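Numbering (our numbering), first residue to last: 62 to 594.
What follows is a single structure, written as structure tokens, with notes after it.
Here is the structure:
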């Protein structure tokens, strides 16, 4: 691993190496050993990802050098990157061949390609291959020579980068160097002698990952050095690229301030309206809340100018590049759509859609209500307003914490329903006498006003809940029944009815059920007469 401060990836690889070697030194149980197969699979997948990424980095280095005109100082870096990839491939293949030999000699897989537990537990084969046949000592030399060769390649590019040995003896490993039972073991005895085949297989895969990690660090260092010896700027201009040059008051202005020939090696200083702008990868990140304009034109726009400067090194000296950017502040206009947009009905659920088109996708509405309450809808701008009993209701509209404006509405009382009488055949025509003894069934219904019933269906449920039906003979009351709902029980009353009598229906109370299920009673005195012939 590289000297100096370690990256998270380096620390992870180092920890895995220590865990593997510690488990090997302690002669792990069979149950733990079987898990090495899964661990090995994971490390082999990591290796494949490493290789793909490193190959892509080599291609990126060649592309970057070509894009910058194949400068004589950068061209050698392409060949150096390829050389690093070649050295890595050699060591990686060498380790892969050792794994293959280990699996072949131990006969670790059956005809179906599955690992045999008995073979994975064998603790003699690895010692024979790596100690008796000296393959472990050869492996240690190759692993420790590899980082030195990579450092030499980088040194030829004036990149100072050193790496620690990969294959260490116990005395060079922190967790073993003070352990009297282990510290005198060399690399081969520590890792392979009396070590099960499954664990050694995973350990070799880990060494492959360490090799690929060194390669990745080296290639990144080469890539980062391309063009670092000068800032190539044949034409220098200061620019601002905004998401939009039409911005609504109350929303944020967003854009990039940059030098047209921006370079990752440059660290320019950028300011807008006298304040510093954070710079990321050569681009200034501009973000501020646009205040309302004092005056808008007939299109609802107000011109504004953003002033700034970029300080950067051009030709060996700092140069101030002034910049101005024209944009327009759009007047936010609140648009309300609803079936009842001109007036809101008292104590009813008035469904509204409140939008501010100028805000576009940045619209994040919030509302306040005076003289009423509201229920926020599931969609942006969707709101249900429940006004008070009378007067006006004011809806305050904000977006992203910024006040946009207010909309006011008069509160309209709920229109009274129309009472109609029905029998089993339909509505009763009161202008025509009814055959004796009168209707066998009588329904007294409260019909909502047509527009209210259409637009406010959730609040337009009316019922006659108070009144009476009287049987008159020669204008003298004979019998009567109370009205407590739509259906009136008049069977007993009609038992004594005859031609010439009249049924007088007197309504005194109508109840409306609102969208919450609340019952709202109102006095509605009305009288209807059915003549019996």
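In this text, a Cβ means the ideal position worked out from N, Cα and C, and glycines have one as well.
Keep in mind the model is a prediction, meaning the values are calculated, not measured.
>> Given a cut-off of 8 Å on the beta-carbon distance, is the pair residue 561 and residue 593 in contact?
In response: Result yes, Cβ atoms of residue 561 and residue 593 sit closer than 8 Å.
> What is the residue span of the alpha helix (DSSP H) that residue 258 lies within?
Replying inline: Counting along the chain, residue 258 sits inside the alpha helix (DSSP H) bounded by residues 258-286.
>> Could you compute how far the alpha carbon of residue 423 sits from the alpha carbon of residue 385?
In response: Between residue 423 and residue 385, the C-alpha separation is close to 25 Å.
> Which value, in whole angstroms, describes the spacing of the CA atoms of residue 465 and residue 517?
Replying inline: For the pair residue 465 and residue 517, the Cα-to-Cα distance works out to about 28 Å.
>> By DSSP's criteria, residue 118 is part of a beta bridge. Which residues make up the other side?
In response: None, per the DSSP bridge assignment.
>> Under DSSP, the alpha helix (DSSP H) around residue 208 begins and ends at which residues?
In response: Residue range 196-216 is occupied by the alpha helix (DSSP H) that includes residue 208.
> Helix, strand or coil: which one does DSSP assign to residue 385?
Replying inline: In the structure shown, residue 385 adopts extended strand secondary structure according to DSSP, grouped into three states.
> According to DSSP, which residues form a beta bridge with residue 404?
Replying inline: Under DSSP, residue 404 shares a beta bridge with 471.
>> Any contact between the region 235-243 and the region 170-179? By contact I mean 3 or more CB pairs, one from each, below 8 Å.
In response: With a cut-off of 8 Å, the region 170-179 and the region 235-243 do not count as touching, because too few Cβ pairs lie within range.
> To the nearest whole angstrom, what separates the beta carbons of residue 398 and residue 329, a pair I think is in contact under 8 Å?
Replying inline: Wrong, their Cβ atoms sit about 48 Å apart, outside the cutoff.
> Among 318, 353, 263, which has the Cα closest to the Cα of residue 341?
Replying inline: Put simply, of 318, 353, 263 the residue whose alpha carbon is nearest the alpha carbon of residue 341 is 318.
> Which of the three DSSP states, helix, strand or coil, is assigned to residue 351?
Replying inline: DSSP places residue 351 outside both helix and strand once states are collapsed to three, so it counts as coil.
>> Our contact map puts residue 449 next to residue 432 with C-beta atoms below 8 Å; I'd like the distance itself, whole angstroms only.
In response: Confirmed, about 5 Å.
> Mind checking residue 434: buried by the 16 CB within 10 Å criterion, or exposed?
Replying inline: By the 16-neighbour rule on beta-carbons within 10 angstroms, residue 434 is exposed.
> Looking only at its own chain, which residues have a Cβ that is under 7 Å from the Cβ of residue 356, when we skip the five neighbours before and after it?
Replying inline: Answer for residue 356: 363, listed in chain order.
>> When you compare the CB positions of residue 148 and residue 211, do they come within less than 8 Å of one another, or not?
In response: Yes.
>> Beta-carbon within less than 6 Å of residue 538's beta-carbon, same chain only, minus the 5 sequence neighbours each way: which residues are those?
In response: Excluding sequence neighbours, residue 538 sits near 531.
> Is the beta carbon of residue 303 less than 8 Å from the beta carbon of residue 388?
Replying inline: For the 8 Å CB-CB criterion, residue 303 and residue 388 form a contact.
>> With distance defined between alpha-carbon atoms, name the residue in 331, 481, 396 nearest to residue 379.
In response: Comparing Cα positions, the closest option is 331.
> Any idea what DSSP makes of residue 399, helix, strand or coil?
Replying inline: When secondary structure is reduced to three states using DSSP, residue 399 falls in the coil class, being assigned neither helix nor strand.
> CA-CA distance, residue 396 and residue 419?
Replying inline: Rounded to the nearest angstrom, the two C-alpha atoms are 10 Å apart.
> Given residue 197, which residues of its chain have a CB within under 6 Å of its CB, disregarding the five upstream and five downstream residues?
Replying inline: The residues are 191, 249, 253.
> Counting along the chain, where does the beta strand (DSSP E) carrying residue 567 start and finish?
Replying inline: For residue 567, the enclosing beta strand (DSSP E) starts and ends at 563-574.
> Are the beta-carbon atoms of residue 426 and residue 442 separated by less than 8 Å?
Replying inline: For the pair residue 426 and residue 442, the CB atoms are nearer than the 8 Å cut-off.
> From residue 150 to residue 280, what distance separates their C-alpha atoms?
Replying inline: The C-alpha of residue 280 is placed about 14 Å away from the C-alpha of residue 150.
> Apart from the five residues on each side of it in sequence, which residues of its chain come closer than 7 Å, Cβ to Cβ, to residue 144?
Replying inline: Non-local C-beta neighbours of residue 144 in its own chain, meaning closer than 7 Å and more than five positions away in sequence, comprise 214, ordered along the chain.
> Mind checking residue 359: buried by the 16 CB within 10 Å criterion, or exposed?
Replying inline: By the neighbour-count criterion, in which a residue is buried when 16 or more other Cβ atoms sit within 10 angstroms of its Cβ, residue 359 is exposed.
>> According to DSSP, simplified to helix, strand and coil, what is residue 300?
In response: Residue 300: strand per DSSP, three-state reduction.
> For residue 608, which of 129, 163, 140, 155 has the nearest alpha-carbon?
Replying inline: For residue 608 there is no data in the structure shown, the boundaries of the chain being 62 and 594.
>> As a quick exercise: from 209, 526, 392, 369, pick the residue whose alpha carbon is nearest that of residue 383.
In response: The option with the nearest alpha carbon to residue 383 is 369.
> In whole angstroms, what is the alpha-carbon distance linking residue 581 and residue 556?
Replying inline: Computed Cα separation, rounded: 35 Å.
> Measuring CA to CA, which of 300, 473, 479 is closest to residue 347?
Replying inline: Measuring from the Cα of residue 347, the nearest candidate turns out to be 300.
> Which residue or residues does DSSP assign as beta-bridge partners of residue 31?
Replying inline: One cannot answer for residue 31 here, as it falls past the ends of the chain, which runs 62 to 594.
>> With H, G and I counted as helix, E and B as strand and the rest as coil, what does DSSP make of residue 108?
In response: DSSP, reduced to helix, strand and coil, places residue 108 within a helical segment of the structure shown.
> Per DSSP, which one or two residues make a beta bridge with residue 585?
Replying inline: The bridge partners DSSP lists for residue 585 come to none.
> Is residue 575 near residue 412, with beta carbons less than 8 Å apart?
Replying inline: Between residue 575 and residue 412, the gap from beta carbon to beta carbon reaches 8 Å or more.
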